[in-house]
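In this note's numbering, the protein residues as written are 95 to 491.
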């Protein structure tokens with residue numbers, strides 16, 4: 095069942111797609127520039143700073159100007175931000191050594207583990223599969239976990255696409271007491287979200303430095319007519335999520351280079367109160383944090399993005415969030431080393447992320463917000479701008 099490992103280490107799968115998009119981007123950029131005005135020089139923006147307390151009060155209404163290149167969302171909400179830091183993170187070392195403890199979580203008493211070694215140097219772990227019991231379990235030494243069982247196992251084995259019938263964002267939904275039928279059993283959405291929240295809170299796999307709120311829920315329909323839930327949880331540190339959609343790759347010194355990664359947790363419930371699929375993109379432990387007492391204020395960030403896009407047609411911003419962009423530190427020069435290898439370090443940089451809808455997430459299984467959004471990020475400390483709109487093949491309309 096090698097295809098499961100390939101699917102669940104999603105970032106590795108995305109590298110070739112992103113690289114292909116990145117290689118074609120210059121032509122796309124030239125076409126867009128010929129269609130719209132030239133952006134020969136960005137205007138300079140004075141960097142104004144605010145305290146974290148002032149940041150929490152930010153709103154669209156506080157802008158003293160009307161952006162010419164941006165259609166902004168009607169509101170923003172930074173009120174849950176407790177603290178902003180510059181983070182130093184790392185992947186764990188030899189996570190598979192805890193395989194006995196972790197297999198007990200899903201009641202796999204005596205798994206016959208096999209060593210796993212991927213195509214890239216440093217992509218290692220252990221894997222167990224039992225087709226009779228319909229169980230698959232992978233533990234990467236970097237903390238990647240992929241568990242599949244029951245009906246989720248059948249879906250992966252048969253490569254069955256499952257229709258998305260509804261998308262819910264729990265933090266934005268006023269009524270979560272929505273009745274839903276999971277595998278023919280009636281329950282409510284709020285009950286299942288609360289079950290998963292409690293499970294994540296108690297899960298010994300996960301670092302207590304983070305919280306793991308459910309951000310997105312898909313109601314999916316199988317070809318046989320039954321329904322189940324897919325949920326995505328985010329890694330959140332003191333009110334700020336780690337980037338969950340904005341991985342990026344570029345060519346550097348003739349080699350593909352993973353500039354940024356993302357991280358999140360995907361879960362499926364094929365029966366009420368039962369997790370049949372769990373996967374992440376590796377664990378990230380916080381080694382050090384440098385608290386920031388002041389950051390670039392919201393109006394300045396809007397001006398920076400406005401000036402970055404000067405000369406282009408208006409872009410509609412779907413949402414603006416504060417995130418930790420995840421910059422990977424690894425030796426890319428050989429082109430053979432795994433960016434997320436056990437022990438590798440990552441810098442978590444706070445950014446204003448201006449999120450742009452460019453496509454639908456048509457994933458047949460799980461939730462991939464990176465299929466839905468591209469971004470323009472503004473570093474909250476330096477004002478530096480990064481974006482993946484070219485890599486994603488985003489077309490200005």
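C-beta atoms are modelled at their ideal positions from N, C-alpha and C, and glycine is treated no differently.
Local conformation of residue i per DSSP, three classes
i, result
"residue 472", "strand"
"residue 234", "strand"
"residue 366", "coil"
"residue 95", "Residue placement at residue 95 is poorly supported in this model, since its pLDDT is 46, which falls under 50; the coordinates still yield a value, given next. DSSP places residue 95 in coil when its eight states are reduced to three."
"residue 377", "coil"
"residue 267", "coil"
"residue 153", "coil"
"residue 173", "coil"
"residue 395", "helix"
"residue 304", "coil"
"residue 251", "helix"
"residue 168", "coil"
"residue 246", "helix"
"residue 190", "helix"
"residue 140", "coil"
"residue 124", "No answer about residue 124 holds up, because its pLDDT of 32 lies below 50 and its placement is not dependable."
"residue 224", "strand"
"residue 179", "strand"
"residue 486", "coil"
"residue 202", "coil"
"residue 160", "coil"
"residue 492", "Residue numbering for the chain in the displayed model covers 95 to 491; residue 492 lies beyond these limits and cannot be assessed."
"residue 88", "The structure shown has nothing for residue 88, since the chain only spans 95 to 491."
Distance between beta carbons of residue j and residue i, contact taken as under 8 Å
i, j, result
"residue 403", "residue 164", "7 Å"
"residue 179", "residue 386", "6 Å"
"residue 515", "residue 330", "Not covered by the structure: residue 515. The range shown for the chain is 95 to 491."
"residue 342", "residue 236", "Residue 342 to residue 236, Cβ: 19 Å. No contact."
"residue 197", "residue 381", "28 Å between Cβ atoms; not a contact."
"residue 417", "residue 458", "Incorrect: roughly 27 Å between the Cβ atoms, too far for contact."
"residue 244", "residue 428", "That belief does not hold up - the Cβ atoms of residue 244 and residue 428 are roughly 41 Å apart, past 8 Å."
"residue 355", "residue 422", "5 Å"
"residue 310", "residue 470", "Contact flag wrong, Cβ pair sits at about 21 Å."
"residue 364", "residue 276", "7 Å"
"residue 141", "residue 411", "Actually they are not in contact, since the Cβ atoms of residue 141 and residue 411 sit about 21 Å apart, beyond 8 Å."
"residue 426", "residue 349", "5 Å"
"residue 313", "residue 321", "6 Å"
"residue 186", "residue 400", "Actually they are not in contact, since the Cβ atoms of residue 186 and residue 400 sit about 41 Å apart, beyond 8 Å."
"residue 139", "residue 398", "5 Å"
Residue environment, residue i, which counts as buried when at least 16 other CB atoms sit within 10 Å
i, result
"residue 206", "exposed"
"residue 437", "exposed"
"residue 478", "exposed"
"residue 295", "exposed"
"residue 463", "buried"
"residue 337", "buried"
"residue 238", "buried"
"residue 201", "exposed"
"residue 203", "exposed"
"residue 434", "buried"
"residue 486", "buried"
"residue 334", "buried"
"residue 551", "What the structure shows of the chain is the stretch from 95 to 491, and residue 551 is not part of that stretch, so it cannot be assessed."
"residue 326", "buried"
"residue 190", "buried"
"residue 347", "exposed"
"residue 474", "buried"
"residue 242", "buried"
"residue 263", "exposed"
"residue 476", "exposed"
"residue 153", "exposed"
"residue 158", "exposed"
"residue 260", "exposed"
"residue 395", "buried"
Residue i: first and last residue of the uninterrupted beta strand (DSSP E) it sits in
i, result
"residue 389", "388-390"
"residue 275", "273-276"
"residue 262", "257-262"
"residue 479", "479-481"
"residue 212", "No beta strand (DSSP E) holds residue 212; DSSP gives it neither H nor E."
"residue 324", "321-327"
Endpoints, alpha helix (DSSP H) assigned at residue i
i, result
"residue 287", "283-296"
"residue 314", "It is not in any alpha helix (DSSP H) - residue 314 instead sits in the beta strand (DSSP E) that spans 308-315."
"residue 195", "193-199"
"residue 149", "146-150"
The ligand GTP heavy atom lying under 8 Å from the CB of residue i
i, result
"residue 268", "You won't find the ligand GTP in this model; it holds no ligand whatsoever."
* To do: Can you check the stretch 332-361 for any beta strand (DSSP E) of at least 3 residues that lies completely inside it and give the ranges in chain order?
  => 334-336, 342-346 and 349-355
* Can you list the beta strand (DSSP E) stretches of 3 or more residues lying completely in the stretch 397-477, in chain order? -> 413-423, 439-451 and 467-473
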